[in-house]
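A.B. asks: Following our numbering, the numbering of the sequence shown begins with 26 at its first residue and continues without gaps. Even for Gly, the Cβ is constructed at its ideal location relative to N, Cα and C.
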Amino acid sequence: MSTAGAFAGRAWRGVRWYLREWSGEARWDDYLRSCAQHGHEPMSRREFERRRADEAERNPVSRCC
Numbered sequence: 026m027s028t029a030g031a032f033a034g035r036a037w038r039g040v041r042w043y044l045r046e047w048s049g050e051a052r053w054d055d056y057l058r059s060c061a062q063h064g065h066e067p068m069s070r071r072e073f074e075r076r077r078a079d080e081a082e083r084n085p086v087s088r089c090c
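#1: Is it the case that the Cβ atoms of A51 and R45 are separated by a distance below 7 Å?
#2: May I have the straight-line CA-CA distance separating W53 from R76, to the nearest angstrom?
#3: In terms of residue numbering, what span does the alpha helix (DSSP H) encompassing G39 cover?
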């Protein structure tokens, strides 16, 4: 792979990582990994997102902007 191609690949992976962290998409993967490590049956994606939304409503975060 050329140097420019390698740079573009690294840049894309960095952008993708950042967007997944910012949007919360990575939390699902973290949850699944944690369930696998501890031998727990994971809840459905729908239930996971519902609980996440409920938690955000119960504990809002103030932002300046």
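C.D. replies: Taking the definition as stated:
#1: Translated into the one-based positions of the sequence shown, residue 51 becomes position 26. Translated into the one-based positions of the sequence shown, residue 45 becomes position 20. In this structure, R45 lies closer than 7 Å to A51 by Cβ.
#2: Residue numbering aside, residue 53 sits at position 28 when the sequence shown is read from its first letter. Residue numbering aside, residue 76 sits at position 51 when the sequence shown is read from its first letter. Computed Cα separation, rounded: 12 Å.
#3: Position 14 of the sequence shown, counted from the first residue, corresponds to residue 39. Residues 28 to 48.
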